[in-house]
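Asker:
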Amino acid sequence: MLLAAILVLGVGTYTMRLGGVLLRERLTLSPGLQRLLPMAAAALLAALAGTATLMAGSGFAGVARPAGVAVGALLAWRRAPFVVVVVAAAGVAALLRLAGVD
Amino acid sequence: MRTIQRTQTFDRAQVRDAVAIAAAMVAVGASFGAIAIAYGLPTWVPFAMSTIVFAGGAQFLAIGLLAAGNPIAAVFAGLLLNARHVPFGLAIGSTMGTGWRRLVGTHVMTDEVVAFTLAEDDPARRRRTYWLMGITLFTSWNVGTLLGVLLGSAVGDYEALGLDAAFPAALIALILPSLRDRPTRIVALTGTAVAVIATPFLPAGLPVLCALLGLLTLIRFGRRREA
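Protein sequences appear in the order of chains R and C.
Residues in the first sequence are numbered from -15 upward in steps of one, following my numbering.
Residues in the second sequence are numbered from 100 upward in steps of one, following my numbering.
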C-alpha cells in the first residue's frame, strides 16, 4: 500500500510535469497568450515565495523567517550576487532564532 | 566586449549559484530523510519518494500522512500541491529538448529549476541552465535524503540554519528581473496577495494556484492600452 501510494504520487506528478510541456507543443498560441505564460509562472513563483515566507501551516510564520527573506530580497533588489542573497537570508533567520526571536 | 565577458563568466557564476542552492537542498533533504525514519517508516520509503516523486513540498506533506496510515490522503494532497507543474510546463515548453531528453528532463522540473530557467533569455542558455540545475538539485536532494536516513536526528533542524528563509529568498532573487515589467509585477504581486490570504482557508497547493487570478488584472491593463 505504501509503495502503491508513492508510485501513484510519482506517476501523477510526472504526468503533470510532462503534460504541461507536451500541451505547450500541441497548442498554437497567439502572441498575446504566449506572453501570458511567463507571467503566470512568475505569479506562481512569487506566490510560492510569498506564502513560504509569511505562512507556516495556516498561521503566520513569526519573525525570523520573514526577516531573513526581507534581508535577502533587499540584497537581491540591490543586485547582490545570488549566493549572497541566499546566505544572508539564512544567516539572518538563523541568528534571530539563536537570539531567541522566532 | 560586454557580451564576450558575459559568456566567459556565465558558467562559473551558474555553477556557483547551483552549488549554493545544492548545499541548501542537501540540508533540507537530510531533514526529510531523518523525519521519515523518525516516523518509523521503512528505510526504502524516503529513497523511493526522493527518486520517484522528487518534489520537496509534496514529500514533506505526504510523508506525514503516510506515517499516519492515510495513503489516499497522501496521494491527493501531494498531487494537489504539485498541480502547479502543469502551468510551469506550459511556460517553459520543451526547453529541456525533445525525445528522450524531454521524457527524462521533465522529471527534474521543480520550482527552483523553473525559476532559474525563466531567468535566462537565450534558448541555448535556457537549456543548459535547465539541465545544470535539474541534475544538481536531483543529486543534492537524494544525497541529502541518504544523509538524513543514515544520521537520523543528528542532522538537526534545518530551520535552525535559517534554510526555511533561504528558499523563498532564492525564488525572489530569480524572479526579480521579470518583475521590472510593470504588468508582470502587478500580476505577480496581486497573485501573491491572493495566495497568502487564501492560505488559512484552503488545502495546501490551492492557494498558490489561486495566484493565477492575478492574471485578471491584465483585463484592466488591456482596456487602458486600447483607450
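Ideal Cβ placement from N, Cα and C applies to all residues, glycine included.
1. Under the rule that 16 or more other beta-carbon atoms within 10 Å means buried, what is Pro145 (chain C), buried or exposed?
2. Can you find at least 3 beta carbon pairs, one from the stretch 246 to 254 of chain C and one from the stretch 125 to 145 of chain C, that sit closer than 8 Å?
3. Is there at least one Cβ from chain C nearer than 7 Å to Ala30 (chain R)'s Cβ?
4. Using a Cβ-Cβ cut-off of less than 8 Å, give me the residues of the stretch 244 to 271 of chain C that come near chain R, in sequence order.
5. By Cβ distance, which residues of its chain are closer than 7 Å to Thr194 (chain C), with the 5 residues on each side in sequence left out?
6. Under three-state DSSP, which class holds Phe153 (chain C)?
7. Compute the Euclidean distance between the alpha carbons of Ile120 (chain C) and Val68 (chain R), then round it to the nearest angstrom.
8. Taking Ile274 (chain C) as the reference, give the member of C:Ala223, C:Ala182, C:Ala214 with the closest Cα.
9. Ile274 (chain C) versus chain R: which residues are under 9 Å apart at the beta carbon?
10. For the 8 Å Cβ check, are there 3 or more pairs between the stretch 195 to 215 of chain C and the stretch 70 to 86 of chain R?
11. Write down every uninterrupted run of the alpha helix (DSSP H) in the stretch 271 to 318 of chain C whose length is 4 residues or greater and which is fully enclosed by it, in chain order.
12. Mind checking who Gly251 (chain C) pairs with in its DSSP beta bridge?
13. Give the DSSP-derived three-state secondary structure of Gly84 (chain R) in the structure shown.
14. Quick check on Gly198 (chain C) - is its C-beta less than 7 Å from some C-beta in chain R?
15. Taking the Cβ atom as the reference point for each residue, do Ala51 (chain R) and Leu59 (chain R) lie within a distance shorter than 7 Å?
16. How many angstroms separate the CA atom of Ala326 (chain C) from the CA atom of Arg319 (chain C)?
17. Which bits of chain C does Thr37 (chain R) rub up against, with CB to CB less than 7 Å?
18. Could you check the C-alpha separation between Gly198 (chain C) and Ala30 (chain R) for me, to the nearest Å?
19. When you compare only the Cα positions, how much space is there between Ala344 (chain C) and Arg279 (chain C)?
20. My understanding is that Asn181 (chain C) touches Ala157 (chain C), with C-beta atoms under 8 Å, so please give their C-beta distance in whole angstroms.
21. Could you have a look at Gly128 (chain C) and say whether DSSP puts it in helix, strand or coil?
22. With 7 Å set as the bound, which would you pick, yes or no: does the beta-carbon of Arg227 (chain C) sit closer than that to a beta-carbon of chain R?
23. Starting from Leu21 (chain R), trace the alpha helix (DSSP H) both ways and give me its first and last residue.
24. Straight-line CA distance for Asp86 (chain R) to Ser14 (chain R)?
25. At a CB-CB cut-off below 7 Å, which residues of chain R make contact with Val295 (chain C)?
26. Quick test of your reading: Val307 (chain C) and Ala294 (chain C), contact by CB under 8 Å. State the CB separation rounded to the nearest angstrom.
27. Counting only beta-carbon atoms, is Pro22 (chain R) nearer than 7 Å to chain C?
28. According to DSSP, is Ala52 (chain R) helix, strand or coil?
29. I'd like to know if the stretch 29 to 43 of chain R and the stretch 257 to 275 of chain C are in contact, where contact means that at least 3 CB-CB pairs between them fall below 8 Å.
30. Pick helix, strand or coil for Val203 (chain C), following the three-state DSSP scheme.
31. When the distance is taken between beta carbons, is Thr235 (chain C) closer than 7 Å to Met23 (chain R)?
32. Give the secondary structure of Gln107 (chain C) by DSSP, where H, G and I count as helix, E and B as strand, and everything else as coil.
33. Compute the Euclidean distance between the alpha carbons of Thr150 (chain C) and Gly43 (chain R), then round it to the nearest angstrom.
Answerer: According to the data block:
1. What you label residue 145 (chain C) is simply residue 46 of the second sequence in a count that begins at 1. Result: buried.
2. yes
3. Here residue 30 (chain R) refers to the residue found at position 46 when the first sequence is read from its first residue. Cβ-Cβ to chain C under 7 Å: yes for Ala30 (chain R).
4. Glu258, Ala259, Leu260, Gly261, Leu262, Asp263, Ala264, Ala265, Phe266, Pro267, Ala268, Ala269, Leu270, Ile271
5. As a first step, residue 194 (chain C) must be located in the second sequence, where it is residue number 95. Once the five neighbours on either side are set aside, the close Cβ partners of Thr194 (chain C) are Thr216, Arg225, Arg226, Tyr229.
6. If you number the second sequence from 1, residue 153 (chain C) lands on position 54. Coil at Phe153 (chain C), not helix or strand.
7. As a position in the second sequence, residue 120 (chain C) is number 21, starting the count at 1. As a position in the first sequence, residue 68 (chain R) is number 84, starting the count at 1. When rounded, the distance between both Cα atoms is 11 Å.
8. Taking the first residue of the second sequence as position 1, residue 274 (chain C) is located at position 175. Comparing Cα positions, the closest option is C:Ala214.
9. In the second sequence, residue 274 (chain C) corresponds to position 175, counting from 1. Near Ile274 (chain C) (Cβ distances below 9 Å), the residues of chain R are Ala25, Ala26, Leu29, Ala30, Ala33.
10. no
11. 281 to 297, 305 to 309
12. For the purposes of this step, residue 251 (chain C) is taken as the residue at position 152 of the second sequence. Looking at the DSSP assignment, Gly251 (chain C) forms no beta bridge with any residue, so it has no partner.
13. One-based indexing of the first sequence puts residue 84 (chain R) at position 100. If DSSP states are grouped into helix, strand and coil, Gly84 (chain R) belongs with coil.
14. Your numbering for residue 198 (chain C) matches position 99 in the second sequence. No, its Cβ sits nowhere closer than 7 Å to a Cβ of chain R.
15. For the purposes of this step, residue 51 (chain R) is taken as the residue at position 67 of the first sequence. For the purposes of this step, residue 59 (chain R) is taken as the residue at position 75 of the first sequence. No, the Cβ-Cβ distance between Ala51 (chain R) and Leu59 (chain R) is not below 7 Å.
16. Within the second sequence, residue 326 (chain C) is the residue found at index 227, counting from 1. Within the second sequence, residue 319 (chain C) is the residue found at index 220, counting from 1. At Ala326 (chain C), the pLDDT of 41 sits below 50, so the modelled position is not reliable and the matter cannot be decided from this model.
17. Looking up residue 37 (chain R) in the first sequence gives position 53. Result: Pro267.
18. Along the second sequence, one-based indexing puts residue 198 (chain C) at 99. Along the first sequence, one-based indexing puts residue 30 (chain R) at 46. Straight-line Cα distance between these residues: approximately 31 Å.
19. Residue 344 (chain C) is absent from the model: chain C starts at 100 and stops at 326.
20. Locating residue 181 (chain C) in the second sequence gives position 82, counting from the first residue. Locating residue 157 (chain C) in the second sequence gives position 58, counting from the first residue. About 5 Å; that satisfies the 8 Å criterion.
21. By 1-based counting over the second sequence, the position of residue 128 (chain C) is 29. If DSSP states are grouped into helix, strand and coil, Gly128 (chain C) belongs with the helices.
22. Locating residue 227 (chain C) in the second sequence gives position 128, counting from the first residue. Chain R contact via Cβ: absent.
23. Locating residue 21 (chain R) in the first sequence gives position 37, where the first residue counts as 1. Run containing Leu21 (chain R): 15 to 38, per the alpha helix (DSSP H) assignment.
24. Mapped onto the first sequence, residue 86 (chain R) falls at position 102. Mapped onto the first sequence, residue 14 (chain R) falls at position 30. So the alpha carbons of these two residues sit roughly 48 Å apart.
25. Along the second sequence, read from residue 1 onward, the residue named residue 295 (chain C) stands at position 196. The contacting residues are Gly34, Thr35, Leu38, Met39.
26. As a first step, residue 307 (chain C) is located in the second sequence; it is residue number 208 there, counting from the start. As a first step, residue 294 (chain C) is located in the second sequence; it is residue number 195 there, counting from the start. Confirmed, Cβ separation roughly 5 Å.
27. The count along the first sequence starts at 1 and reaches residue 22 (chain R) at position 38. Yes, Pro22 (chain R) lies at the interface with chain C (some Cβ there is under 7 Å from its Cβ).
28. For the purposes of this step, residue 52 (chain R) is taken as the residue at position 68 of the first sequence. It is Gly, not Ala, that sits at residue 52 (chain R) in the sequence shown. Gly52 (chain R) falls in the helix class under three-state DSSP.
29. yes
30. As a working note, residue 203 (chain C) is residue 104 in the second sequence. Helix, per DSSP.
31. The residue you call residue 23 (chain R) lines up with position 39 of the first sequence. The residue you call residue 235 (chain C) lines up with position 136 of the second sequence. Going by C-beta atoms, Met23 (chain R) is not nearer than 7 Å to Thr235 (chain C).
32. As a position in the second sequence, residue 107 (chain C) is number 8, starting the count at 1. Confidence is the limiting factor: at Gln107 (chain C) the pLDDT is only 47, short of 50, which leaves the residue's position unreliable, though a coordinate-based value still follows. Gln107 (chain C) falls in the helix class under three-state DSSP.
33. Taking the first residue of the second sequence as position 1, residue 150 (chain C) is located at position 51. Taking the first residue of the first sequence as position 1, residue 43 (chain R) is located at position 59. Cα to Cα, Thr150 (chain C) sits roughly 31 Å from Gly43 (chain R).
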